[in-house]
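J.: Can you keep this structure in mind? I'll have questions shortly.
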Amino acid sequence: MSDCPLEPDVIHAAVRGEWTESLRAHVATCADCAAAAEIAPWMQQFARMDDREHKLPDPASLWVRAKLLQSTAAADRASLPITRVQIASYLVVAGCWAALLMWKWSALAAWINSLAPAHVILSAAGAETAASFSATFFLMLIVLASVTAVLAFQTILAEE
Amino acid sequence: MSASALTLEAPFAALGATTFRRMPKRPMDEAKFEAFYRKTAGRIWSYIYRMTGDAATADDLMQKTFFRFLRSNPAIADDDHLRHYVFKTATNLVFDHFRETKRARERVVEPLRMSDLGADRGELRHDMMRVFAELKPQERALLWLAHVEGSSHDEIAEAIGVKAKSVRVMLFRARKRLGDLLTRRGLAPEGTR
Numbered sequence: 283m284s285d286c287p288l289e290p291d292v293i294h295a296a297v298r299g300e301w302t303e304s305l306r307a308h309v310a311t312c313a314d315c316a317a318a319a320e321i322a323p324w325m326q327q328f329a330r331m332d333d334r335e336h337k338l339p340d341p342a343s344l345w346v347r348a349k350l351l352q353s354t355a356a357a358d359r360a361s362l363p364i365t366r367v368q369i370a371s372y373l374v375v376a377g378c379w380a381a382l383l384m385w386k387w388s389a390l391a392a393w394i395n396s397l398a399p400a401h402v403i404l405s406a407a408g409a410e411t412a413a414s415f416s417a418t419f420f421l422m423l424i425v426l427a428s429v430t431a432v433l434a435f436q437t438i439l440a441e442e
Numbered sequence: 031m032s033a034s035a036l037t038l039e040a041p042f043a044a045l046g047a048t049t050f051r052r053m054p055k056r057p058m059d060e061a062k063f064e065a066f067y068r069k070t071a072g073r074i075w076s077y078i079y080r081m082t083g084d085a086a087t088a089d090d091l092m093q094k095t096f097f098r099f100l101r102s103n104p105a106i107a108d109d110d111h112l113r114h115y116v117f118k119t120a121t122n123l124v125f126d127h128f129r130e131t132k133r134a135r136e137r138v139v140e141p142l143r144m145s146d147l148g149a150d151r152g153e154l155r156h157d158m159m160r161v162f163a164e165l166k167p168q169e170r171a172l173l174w175l176a177h178v179e180g181s182s183h184d185e186i187a188e189a190i191g192v193k194a195k196s197v198r199v200m201l202f203r204a205r206k207r208l209g210d211l212l213t214r215r216g217l218a219p220e221g222t223r
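Chains W and B, in that order, are what the protein sequence lines are.
Counting with the working numbering, you get residues 283 to 442 for the letters of the first sequence.
Counting with the working numbering, you get residues 31 to 223 for the letters of the second sequence.
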């Protein structure tokens, strides 16, 4: 309990009031033991104050709750890589959309302009030609739209 | 309910190889936990309650202590070492609690309602709790572990996170402080020497 080998005996004597001459002599010269002896009876009484009115939780329920907490933690750990892949795929898809739009931006702008009523009339009169898109563009558009839809669907399912 | 095992990694390395003997990994099953809990929970609750002075907080922190204990998958065979580990965990949680709630309230004890107890017992407990609450949390932990749990200086050092060499001086000061408080309030036991 302490560096002084007699401290347990001193505490015991202080608590029980059973002092021997040698212990009294020791306490007079050992500051640690004197301090311990001074408070030992009080600490003993304080420790013995009855707490038994207080009902402790059932160990079985603690065990079950601990297991549940562990399962939740394990599930969180297991889903971490999936979440990371999901975030990466969002970024990749967003990047692909941005690249596609930038690649065909001028053609897209022309196509949007061609939807204006004035242009519709002009093109009907044969004065202007409509913007044209390559088959590759349409193919990429379809692929990207499909991937985006799948990702969105997967996210909704995962949330549920 | 089946006595299945909890099998996460044990953080016992932090406790020091000299203090805690490592045993082959053997997950604790429900029956062993229950036996250990029944032996230890009351003492842990009393310790936390004396430290915080609040029964509800003691309930909460005691449960957290055992959750942490189970999460650590205790692979130490000796019950004494397990008990010291639980006390260390409880001490950390109590200190964290004081840090989180940061206060002035650190020293204010909320004793049990008098209606819960017999009037005399309630008053006596109230007085004792008040005296103990005037000590710093670390002093309370030192005194409780040394005097009630009979922990060695090494064990106390592990529990409160200080060097073993410092414990002797800290314990001496805590004892003197409590002695002074008791003397000032006229509660010092007579005839101890």
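Glycine included, C-beta positions come from ideal geometry on N, C-alpha and C.
1. Note down, in chain order, every chain B residue with its Cβ under 9 Å from the Cβ of alanine 370(W).
2. For glycine 299(W), is the classification buried or exposed, using 16 other Cβ atoms within 10 angstroms of its Cβ as the cut-off for buried?
3. Mind listing which residues of the stretch 312 to 327 of chain W have their C-beta closer than 8 Å to chain B's C-betas, in chain order?
4. Assuming alanine 65(B) and leucine 338(W) form a contact by the criterion Cβ under 8 Å, report the distance between their Cβ atoms to the nearest whole angstrom.
5. Along the alpha helix (DSSP H) that carries lysine 349(W), what are the first and last residues, could you check?
6. For methionine 92(B), decide whether its Cβ has a neighbour in chain W, counting only Cβ atoms nearer than 9 Å.
7. Leaving aside the five residues before and after lysine 94(B) along the sequence, list all residues of the same chain whose C-beta is less than 7 Å from its C-beta, in chain order.
8. Give a yes or no on whether the C-beta atoms belonging to arginine 101(B) and alanine 355(W) are separated by under 9 Å.
9. At a CB distance below 7 Å, what residues from the stretch 177 to 188 of chain B approach chain W? Give them in sequence order.
10. Which word fits glycine 180(B), buried or exposed, when buried means at least 16 other C-beta atoms lie within 10 angstroms of its C-beta?
11. Within 10 angstroms of the Cβ of lysine 69(B), are there 16 or more other Cβ atoms? Answer buried if so, exposed if not.
12. Would leucine 212(B) and glutamate 320(W) qualify as a contact pair, given that the criterion is a beta-carbon distance under 9 Å?
13. Which residue marks the beginning of the alpha helix (DSSP H) containing asparagine 122(B), and which one marks its end?
14. Measure the C-alpha to C-alpha separation of leucine 172(B) and glutamate 130(B) and round it to an integer number of angstroms.
15. Between which two residues does the alpha helix (DSSP H) holding phenylalanine 415(W) run?
16. On the criterion of 16 or more Cβ atoms from any shown chain inside 10 Å, does arginine 359(W) qualify as buried, or is it exposed?
17. Suppose contacts are defined by Cβ-Cβ distances below 9 Å. Is tryptophan 174(B) in contact with methionine 92(B) by that definition?
18. Is glycine 209(B) close to chain W, meaning its C-beta is less than 9 Å from at least one C-beta of that chain?
19. Ignore the nearest five residues each way along the sequence and tell me which others in cysteine 286(W)'s own chain have a CB closer than 7 Å to its CB.
T.: Reading it off the structure:
1. The contact set of alanine 370(W) on chain B, defined by CB atoms closer than 9 Å, is empty, because the minimum CB distance reaches about 28 Å.
2. By the neighbour-count criterion, in which a residue is buried when 16 or more other Cβ atoms sit within 10 angstroms of its Cβ, glycine 299(W) is exposed.
3. So the close ones are Ala313, Asp314, Ala316, Ala317, Ala318, Ala319, Glu320, Ile321, Ala322, Pro323, Trp324, Met325, Gln326 and Gln327.
4. Not really, about 14 Å apart at Cβ, beyond 8 Å.
5. For lysine 349(W), the enclosing alpha helix (DSSP H) covers residues 341 to 385.
6. It does: the Cβ of methionine 92(B) has a partner Cβ on chain W nearer than 9 Å.
7. The residues are Leu123.
8. In contact: arginine 101(B) and alanine 355(W) (Cβ atoms closer than 9 Å).
9. For the stretch 177 to 188 of chain B, the beta-carbon criterion of a distance under 7 Å to any beta-carbon of chain W is satisfied by His177, Val178, Gly180, Ser182 and His183.
10. By the 10 Å Cβ count, glycine 180(B) comes out exposed.
11. Exposed, since its Cβ has fewer than 16 Cβ neighbours within 10 Å.
12. Yes; because the gap between Cβ atoms is below 9 Å, this pair is in contact.
13. Counting along the chain, the alpha helix (DSSP H) containing asparagine 122(B) begins and ends at 109 to 131.
14. Taking the straight line from one Cα to the other gives about 21 Å.
15. In the DSSP assignment, phenylalanine 415(W) falls outside any alpha helix (DSSP H), carrying neither H nor E.
16. Looking at its Cβ environment, which holds fewer than 16 other Cβ atoms inside 10 Å, arginine 359(W) is exposed.
17. Their beta carbons are not under 9 Å apart, which means tryptophan 174(B) does not touch methionine 92(B) by this criterion.
18. For glycine 209(B), the answer is yes, since a Cβ of chain W falls inside 9 Å of its Cβ.
19. So the list reads Cys312, Asp314 and Cys315, once near-sequence residues are dropped.
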